[in-house]
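Numbered by the numbering used here, the letters in the sequence shown go through residues 5 to 144 in order.
Positions of the beta carbon are idealized from the N, C-alpha and C atoms, including for glycine.
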Amino acid sequence: MHKVFGVKEDAEYFDREGAYIIPVRGNKAGVVRTPKGYFLLGGGLENDESHIACIERECMEEAGYAVSVSRKICSAETYCFHETIGFFHPVQTYYIGELLSKISEPVETDHVFEWIEYDKINGKMYFEMQSWALKKVFEK
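Next comes the structure, spelled out in structure tokens:
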């Protein structure tokens with residue numbers, strides 16, 4: 005399942021492919037709180053990095069956790085304007101999985117990992133497409 009968000013303007017966009025994990029514990033999702041808002045664990049692929057390698061790297065950087073990726077849930081993209089990048093087109097693929105063990109403190113010190121009940125985080129992610137991905141996991 006794939007969904008497109010936003011409206012594509014007549015502009016040159018910066019495309020960025022990313023991979024994200026949605027860890028679930030009962031009715032809670034594991035998310036990262038930053039000064040900008042809530043995000044799923046994950047990020048943009050670097051060089052020829054695979055989706056799994058990206059998720060493993062980002063989980064260490066953002067939360068300090070080793071991770072096990074189970075399966076792909078869905079994917080989405082959005083057309084938006086980013087304050088430093090300009091016209092931005094992130095294309096994100098979402099996976100379900102679990103956090104294994106905390107290995108270290110996060111490298112990204114403004115990222116705080118939290119388990120939040122789905123009812124409290126529903127619709128509150130920074131990107132609408134990440135809220136949509138959470139909905140795919142919790143509202144079957």
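- Whether L104 touches V71 by CB criterion (8 Å): yes
- Item | DSSP three-state assignment for Y122, whether helix, strand or coil | helix
- Query: In the region 87 to 137, which residue ranges form an unbroken beta strand (DSSP E) of at least 3 residues, counting only runs that do not cross its ends?
  - Reply: 90 to 106 and 116 to 121
- Distance CB(Y130)-CB(G30) smaller than 8 Å: no
- In chain order, which continuous runs of the beta strand (DSSP E) of length 3 or greater are located wholly inside the region 21 to 77? 32 to 38, 41 to 43 and 45 to 48
- Would you identify the three-state DSSP class for K139, choosing helix, strand or coil? helix
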